[in-house]
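When you number the sequence shown by numbering that gives the first Met the number 0, it's gap-free, plus one each residue, and the end is 385. C-beta atoms are modelled at their ideal positions from N, C-alpha and C, and glycine is treated no differently.
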Amino acid sequence: MFSNYLEPVSNVTLAHLVLQSNLSLGHNLILHTKESGFPKIEGGEIAIIAIDEDRNALNNIGTGSNLEQVRKEFYQLYPGNWHRKMVDLGTIKKGNDVDDTYFALKEITTYLLKKNVIIVLLGGGNDLVYANYRAYDDLEQIVNLVSVDNKFDLGALDDDLSSETYLHKIIMEKPNNLFSFSNIGYQTFFNSQDEIALIKSLHFDVYRLGEISQNIALTEPVLRDADIVSIDLGAIKYSEAKANNNASPNGLTGVDVCAISRYAGLSDKVSSFGIYEYNSSLDTNHQTAKLMAQLVWYFIEGVNYRTNDYPFESKEKYIKYIVPIADENRDINFYKSPKSNRWWMEVSTNNNSTKNALIPCSYQDYLDACNQDIPNRWLTAFKKLN
Numbered sequence: 000m001f002s003n004y005l006e007p008v009s010n011v012t013l014a015h016l017v018l019q020s021n022l023s024l025g026h027n028l029i030l031h032t033k034e035s036g037f038p039k040i041e042g043g044e045i046a047i048i049a050i051d052e053d054r055n056a057l058n059n060i061g062t063g064s065n066l067e068q069v070r071k072e073f074y075q076l077y078p079g080n081w082h083r084k085m086v087d088l089g090t091i092k093k094g095n096d097v098d099d100t101y102f103a104l105k106e107i108t109t110y111l112l113k114k115n116v117i118i119v120l121l122g123g124g125n126d127l128v129y130a131n132y133r134a135y136d137d138l139e140q141i142v143n144l145v146s147v148d149n150k151f152d153l154g155a156l157d158d159d160l161s162s163e164t165y166l167h168k169i170i171m172e173k174p175n176n177l178f179s180f181s182n183i184g185y186q187t188f189f190n191s192q193d194e195i196a197l198i199k200s201l202h203f204d205v206y207r208l209g210e211i212s213q214n215i216a217l218t219e220p221v222l223r224d225a226d227i228v229s230i231d232l233g234a235i236k237y238s239e240a241k242a243n244n245n246a247s248p249n250g251l252t253g254v255d256v257c258a259i260s261r262y263a264g265l266s267d268k269v270s271s272f273g274i275y276e277y278n279s280s281l282d283t284n285h286q287t288a289k290l291m292a293q294l295v296w297y298f299i300e301g302v303n304y305r306t307n308d309y310p311f312e313s314k315e316k317y318i319k320y321i322v323p324i325a326d327e328n329r330d331i332n333f334y335k336s337p338k339s340n341r342w343w344m345e346v347s348t349n350n351n352s353t354k355n356a357l358i359p360c361s362y363q364d365y366l367d368a369c370n371q372d373i374p375n376r377w378l379t380a381f382k383k384l385n
């Protein structure tokens with residue numbers, strides 16, 4: 000049904016796959032090829048889609064082309080002890096207009112989400128996050144978005160949609176399904192003080208590069224609550240991901256982003272995961288393509304080790320810890336999963352207990368509360384719910 004939108008995996012890539020071991024990933028994927036046609040898709044699978052679109056990628060024209068190189072690097076890796084089926088649906092072709100590409104991405108993603116397929120997107124400009132977000136409109140659910148980026152990509156009120164303004168469109172345009180936005184790895188000198196103040200006034204979670212580079216595990220609770228995770232290659236330092244015209248000397252390391260990708264896969268909620276702004280014309284020895292392939296590998300590794308302990312389990316199956324906060328005259332309830340040893344904390348409102356919510360946290364958040372230091376994520380969520 001999507002043959003008009005999706006090009007099959009190229010014959011050049013298939014020829015490269017023939018040279019690989021029969022145990023490699025490429026031989027464990029169900030591929031959309033000219034010969035076999037569009038594969039049958041079932042719930043619970045992981046679907047990989049590339050997107051050839053660069054028209055709204057600011058200062059990075061050429062991004063999205065030659066994503067077959069990423070496929071080659073991914074296909075020659077070896078799978079872990081995985082049980083999930085994986086399909087490669089090919090590449091979304093450039094539409095006559097950029098809106099045509101957005102429409103195709105939205106339609107395909109909506110279809111897959113309704114079938115409970117987990118989606119991996121390879122772009123293409125960061126503006127494609129907007130089309131991915133709009134795919135959730137028909138699902139009638141709130142959406143939590145996590146962006147790994149050195150910028151917030153807010154833009155001004157009257158700016159057109161682009162890779163550096165998509166977040167403003169998500170926040171302002173209806174239907175507004177966004178409940179939470181989190182940024183991982185922003186660098187202050189790339190964001191105005193007005194933007195930083197606005198983001199914080201909206202009670203969004205943001206984490207500076209220096210903060211998370213000291214302890215990458217801080218990102219796990221943030222990613223655990225996400226529906227959409229996007230990675231802009233510009234968040235990675237130039238020396239480790241050169242194939243981006245907006246690359247910077249400072250940024251996350253390849254190891255950091257691989258850990259983030261695995262955390263995203265482990266999240267029971269994440270249903271779409273995207274890597275954007277790859278520009279093959281700048282890719283020395285295909286090193287960035289290799290890194291992208293490894294990011295996808297780590298995400299899929301995480302998916303295969305999901306524990307489905309929240310929101311699939313009731314609170315009664317958790318170990319409950321009650322921490323009194325003397326100065327606030329309130330208790331904070333913490334819950335620990337016996338399946339995964341992960342932690343959550345309960346956030347309530349002053350007047351309406353029906354709004355109580357469990358939000359992911361870390362063991363360190365529990366220790367901080369025991370020391371009468373209310374965790375920042377609890378405060379942010381409390382302000383959002385009151």
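Close beta carbons around residue i, own chain, < 6 Å, minus the five adjacent residues each side
i    : result
S161 : N55, L57, D126
D231 : N125, D148, Y275, E276
S229 : V128, S146, G273
E194 : F151, L153
Beta carbon of residue i nearer than 9 Å to that of residue j
i    : j    : result
T443 : V69  : For the chain, the structure presents residues 0 to 385; residue 443 sits outside this window and is missing.
L144 : V119 : no
Y320 : N332 : yes
A234 : L251 : yes
Q213 : C257 : no
G122 : S280 : no
I141 : D87  : no
Y317 : W343 : yes
L197 : L153 : yes
V221 : P359 : yes
S270 : I299 : no
K84  : I45  : yes
D51  : I91  : yes
D308 : S336 : yes
S181 : Y165 : no
N243 : N278 : yes
V97  : I40  : no
Y135 : N176 : yes
K113 : L138 : yes
N21  : P78  : no
N-terminal and C-terminal residue of the alpha helix (DSSP H) that residue i is part of
i    : result
I390 : Nothing about residue 390 can be reported from this structure: the residues present for the chain run from 0 to 385 only.
P220 : 218 to 223
A49  : No alpha helix (DSSP H) contains A49, which is instead part of the beta strand (DSSP E) from 45 to 50.
A14  : 10 to 17
Y362 : 362 to 369
I387 : Here the chain comprises residues numbered 0 to 385, so residue 387 is not present and cannot be evaluated.
N375 : 375 to 384
Cβ neighbours of residue i in the same chain (closer than 7 Å, five flanking residues each side left out)
i    : result
A130 : Y101, L104, K105
K168 : Y129, L160
N190 : K150, F151
K383 : H202
E6   : G89, T90, K92
S2   : F37
Alpha carbon of residue i to alpha carbon of residue j, nearest angstrom
i    : j    : result
Q192 : Q186 : 12 Å
R261 : R376 : 21 Å
A368 : L378 : 12 Å
N370 : Y362 : 13 Å
A325 : I373 : 11 Å
L357 : R223 : 12 Å
I183 : F73  : 25 Å
I215 : S179 : 20 Å
L66  : L366 : 45 Å
V17  : N284 : 21 Å
L290 : S23  : 17 Å
V322 : A380 : 17 Å
T287 : E239 : 7 Å
G253 : Y237 : 10 Å
E315 : E210 : 34 Å
D53  : N59  : 7 Å
M171 : S35  : 43 Å
E312 : N340 : 14 Å
W81  : G301 : 10 Å
Neighbourhood of residue i by C-beta distance below 8 Å, restricted to the same chain and skipping five residues each side
i    : result
R305 : G264, L265, S266, D267
D282 : Q68, K241, A242, A288
T12  : E67, R70, K71, Y74
Opening and closing residue of the beta strand (DSSP E) in which residue i lies
i    : result
R207 : 204 to 207
A134 : Unbroken run through A134: none, as it is neither H nor E.
R184 : Per the sequence shown, residue 184 should be read as Gly rather than Arg. Start and end: 177 to 185.
M344 : 342 to 346
D231 : 227 to 231
N332 : 329 to 335
K319 : 318 to 324
Beta carbon proximity, residue i to chain C, threshold 9 Å
i   : result
D96 : Of the protein chains in this structure there is only one, and it is not chain C.
Original post:
Which parts of the region 59 to 94 are runs of the alpha helix (DSSP H), unbroken and 4 residues or longer, counting only runs that do not cross its ends?
Top reply: Counting only runs of 4 or more, we get 67 to 74.
Subject >> Runs of alpha helix (DSSP H) lying entirely within the region 254 to 309, each at least 4 residues, in chain order >> reply: Within the region 254 to 309, the complete alpha helix (DSSP H) runs of at least 4 residues are 286 to 303.
**OP:** Only counting runs of 4 or more residues, tell me where the alpha helix (DSSP H) segments fall wholly within the region 98 to 172, in order along the chain.
**Re:** Counting only unbroken stretches of 4 or more residues, the alpha helix (DSSP H) elements lying wholly within the region 98 to 172 are 127 to 133, 165 to 171, in sequence order.
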